[in-house]
Amino acid sequence: MIGPIVEQSIEFGVDIVEYYKWLVYEKKEFVLSKQILRSGTSIGANVHEGNFAVSRNDFIYRMQIALKEASETEYWLIILAKTGFLPQNFHSLKNKCTSLKKMLISTLNTAKNKN
Numbered sequence: 001m002i003g004p005i006v007e008q009s010i011e012f013g014v015d016i017v018e019y020y021k022w023l024v025y026e027k028k029e030f031v032l033s034k035q036i037l038r039s040g041t042s043i044g045a046n047v048h049e050g051n052f053a054v055s056r057n058d059f060i061y062r063m064q065i066a067l068k069e070a071s072e073t074e075y076w077l078i079i080l081a082k083t084g085f086l087p088q089n090f091h092s093l094k095n096k097c098t099s100l101k102k103m104l105i106s107t108l109n110t111a112k113n114k115n
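FYI, in full-length UniProt numbering the residues of the sequence shown are 1 to 115.
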């Protein structure tokens with residue numbers, strides 16, 4: 001079990017789905033919304049899959065993919081903010097994404113340094 005990162009990645013995924021619905025139904029934004037939905041929910045999927053990895057290398061691989069997806073999600077949040085599609089009530093997504101990235105980096109460092 002990898003602890004709080006599982007729960008936080010699930011909560012972040014739910015927040016991303018809510019943000020996606022807002023983008024599509026309120027702002028009629030259909031391109032970037034799909035990008036952030038895919039990358040933002042993929043973080044938790046990879047963390048969850050890594051939680052049931054068959055080896056340390058498999059676990060590390062899943063966490064690396066989750067980190068890449070978090071970095072992509074962060075990019076889309078920046079683009080959406082700079083183009084006026086990230087209202088104040090969704091600004092916490094950026095902080096949550098940064099927090100997930102830090103947790104993933106720490107998890108990866110720990111996993112890679114274990115003997």
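Think of the CB as a built atom: it goes at the ideal place given N, C-alpha and C, for glycine as much as any other residue.
Linking Ile-16 to Ser-92 through their CA atoms gives a straight-line distance of about 11 Å. Going by DSSP, Gln-88 is part of no alpha helix (DSSP H) at all; its letter is neither H nor E.
For Lys-21, the enclosing alpha helix (DSSP H) begins and ends at 4-25. In this structure, Val-54 sits away from Ile-5, with a CB-CB distance that is not shorter than 9 Å. For Ala-45, the enclosing alpha helix (DSSP H) has its first and last residue at 32-50. For Gly-44, the CB contacts under 6 Å within the same chain, skipping 5 residues up- and downstream, are Ser-9, Ile-10, Gly-13 in chain order. Between the beta-carbon of Leu-32 and that of Leu-80 there is about 6 Å, and that keeps the pair under the 8 Å contact cut.
Here Glu-69 is buried. Its C-beta has 16 or more other C-beta atoms within 10 Å. If you draw a straight line from the Cα of Thr-98 to the Cα of Lys-28, it comes to about 27 Å.
One Cα belongs to Glu-49, the other to Tyr-61, and the distance between them is close to 10 Å. In terms of Cα proximity to Trp-22, the closest of Pro-87, Ser-39, Ile-105 is Pro-87.
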